[in-house]
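J.: For the sequence shown, this note's numbering begins at 23 and goes up steadily by one. For every residue, glycine included, the Cβ atom is placed at its ideal position computed from N, Cα and C.
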Amino acid sequence: YILLLSGSDIAVGIALALQALGMTLTPLIGANLIEHRPRVLPAGLSTGGAMRISILGMGITGLVLEPPWALWAMFLWLTVFGLSQGMQGVIFNVLLTKVIPPDKRGRLTGLRNFSAGIVSAGVALAGGHYFLGAEPDATGYSYTFLLSFALTMLGLFALSFTVEPIPPTLRPQRSLLIGLKGIPALLRDDPTFTRYFVARALATFGRMALPFYILHAGQSMALTGSALGIITMAFTLAATFSNLWWGSMGDRYGFRSVYLASLALWVASTLLLLITSGLAASIAVFIGIGAASQGFQNASQNLTLEFGQRQDLPMRIAIANTAAELAGTLGPIAGGLLAHHFGYPALFLVSVAFLAAGGVMVALLVPEPRQRVH
Numbered sequence: 023y024i025l026l027l028s029g030s031d032i033a034v035g036i037a038l039a040l041q042a043l044g045m046t047l048t049p050l051i052g053a054n055l056i057e058h059r060p061r062v063l064p065a066g067l068s069t070g071g072a073m074r075i076s077i078l079g080m081g082i083t084g085l086v087l088e089p090p091w092a093l094w095a096m097f098l099w100l101t102v103f104g105l106s107q108g109m110q111g112v113i114f115n116v117l118l119t120k121v122i123p124p125d126k127r128g129r130l131t132g133l134r135n136f137s138a139g140i141v142s143a144g145v146a147l148a149g150g151h152y153f154l155g156a157e158p159d160a161t162g163y164s165y166t167f168l169l170s171f172a173l174t175m176l177g178l179f180a181l182s183f184t185v186e187p188i189p190p191t192l193r194p195q196r197s198l199l200i201g202l203k204g205i206p207a208l209l210r211d212d213p214t215f216t217r218y219f220v221a222r223a224l225a226t227f228g229r230m231a232l233p234f235y236i237l238h239a240g241q242s243m244a245l246t247g248s249a250l251g252i253i254t255m256a257f258t259l260a261a262t263f264s265n266l267w268w269g270s271m272g273d274r275y276g277f278r279s280v281y282l283a284s285l286a287l288w289v290a291s292t293l294l295l296l297i298t299s300g301l302a303a304s305i306a307v308f309i310g311i312g313a314a315s316q317g318f319q320n321a322s323q324n325l326t327l328e329f330g331q332r333q334d335l336p337m338r339i340a341i342a343n344t345a346a347e348l349a350g351t352l353g354p355i356a357g358g359l360l361a362h363h364f365g366y367p368a369l370f371l372v373s374v375a376f377l378a379a380g381g382v383m384v385a386l387l388v389p390e391p392r393q394r395v396h
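So, in structure tokens, the structure goes:
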């Protein structure tokens, strides 16, 4: 949609960077907003509402504004979306720990992600068929955003019925500045968590190659529209359905095992991409990468919830999310520079090095947190 409005790849990069910047800036604010509150659901509904208002704004933009004003409005709404999403990520995960027992989180979050993938695919299919058609325009994208707004509002309405328990301990209210000053002490007091969040940031930086896999595949074979569709479908289906497996594995063996297995699969799939060519090999590679990326996302989020004391949970989530979002923002930029100057193979090897570093660090230095608790 941004490319349609601007005709510029640079504008697309700016839009993605604005959203990512917002997600990097606000997790610590979200933690400070809720760490002293007995109930976090009201704050979650407020930040969730802001996210949905930004989606509504994106939908209205294409109906009432023309370029370049529509482009500037999209930049604004994507920034608001990112700022809200950064806070929502902290608040929602704190709420999740209060209502879902640790031994059921894997299956339930896996089922949630699986269902979300199915719904997202349905929205994409409906939007492409009914709203965009053969010649996409701003109006078609706007109606797709409006459909997304309606569905996400239904989700927020369902969330409002959550019965949230009051935790036994809470941190006293403090200013954001005092909270930031307390981060070094929190990291010193829980060195295992510190090693984990550094490892997670390293592995997240290794995702730098993700946008470039399909471009490399296009160099190794004739990437027709049909082949692109098959590869995209393989990646999407693997990511969607693997949620069920990763979730069950996390409940049974712990999310540390999911974290390590997903990174091992990601490294193996990337190396396979380097030494193979052809459609069949590319399908296998993208199945592996799709499943691995979803497993890593599921494990890294759930592992963060299992360290330290409950009253420090919001700040721990915020620290881990901020580091991961910063690495996720800088990674693709570094990946683009590596690909431009040294080629895709060099990029993939650097990516593998970061993924492996994040995995080895957890394997050697971060024991299963559930064993520490019990």
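#1: DSSP state of Phe215, grouped into three classes?
#2: What ranges does the alpha helix (DSSP H) occupy inside the stretch 237-302, keeping only unbroken runs of at least 4 residues that lie completely in it?
#3: Spatial neighbours of Leu198 within its chain, please: CB distance less than 8 angstroms, with the 5 preceding and 5 following residues excluded, ordered by chain position.
#4: Over what stretch of residues does the alpha helix (DSSP H) that includes Tyr366 continue unbroken?
#5: What's the gap between the Cα of Ser304 and the Cα of Asn343?
#6: In angstroms, rounded to a whole number, what distance separates the CA positions of Trp267 and Gly81?
#7: Measure from the alpha carbon of Leu27 to the alpha carbon of each residue in Leu147, Val121 and Ser164, then state which is nearest.
#8: Which of the three DSSP states is assigned to His396 in this structure?
#9: Give me, in chain order, the residues of the same chain whose beta-carbon lies closer than 7 angstroms to that of His58; leave out the 5 immediate sequence neighbours on both sides.
#10: Within the same chain, show all residues whose beta-carbon is closer than 6 angstroms to that of Leu295, passing over the 5 residues directly before and after it, in chain order.
#11: Given that a residue counts as buried once 16 or more other Cβ atoms are within 10 Å of its Cβ, and exposed if not, what is Val418?
#12: Which residues in the same chain as Ile341 place their Cβ atom closer than 7 angstroms to its Cβ, once the five residues preceding and following it in sequence are excluded?
#13: Could you spell out the range, first to last residue, of the alpha helix (DSSP H) harbouring Asp125?
#14: From Arg222 to Phe318, what distance separates their C-alpha atoms?
#15: For Ser76, which residues in the same chain have their Cβ closer than 6 angstroms to its Cβ, ignoring the five residues on either side in sequence?
#16: With a Cβ-Cβ cutoff of 8 angstroms, do Pro233 and Pro354 count as a contact?
#17: Return helix, strand or coil for Leu327, following the three-state DSSP convention.
#18: Using 8 angstroms for Cβ pairs, my map puts Gly155 next to Gly149. What's the rounded Cβ distance?
#19: Checking 8 angstroms against the spacing of the C-beta atoms, do Trp288 and Ser322 come in under that value?
T.: Short version:
#1: DSSP places Phe215 in helix when its eight states are reduced to three.
#2: 247-275 and 277-297
#3: Leu50, Ile51 and Asn54
#4: Per DSSP, the unbroken alpha helix (DSSP H) holding Tyr366 starts and ends at Tyr366 to Leu387.
#5: 31 angstroms
#6: 35 angstroms
#7: Ser164
#8: Model confidence at His396 stands at a pLDDT of 42, short of 50, so the residue's coordinates are unreliable and nothing is read from them.
#9: Leu192, Arg193, Pro194 and Gln195
#10: Val307
#11: Residue 418 is absent from the structure shown; the chain starts at 23 and stops at 396.
#12: Ile205 and Phe219
#13: Taken as a continuous stretch (DSSP letters only), the alpha helix (DSSP H) holding Asp125 covers Pro124 to Ala148.
#14: 9 angstroms
#15: Trp99, Val102 and Phe103
#16: Yes, the pair counts as a contact, with Cβ atoms nearer than the cut-off.
#17: coil
#18: In fact, because the Cβ distance is near 10 angstroms, the residues do not count as touching under 8 angstroms.
#19: no
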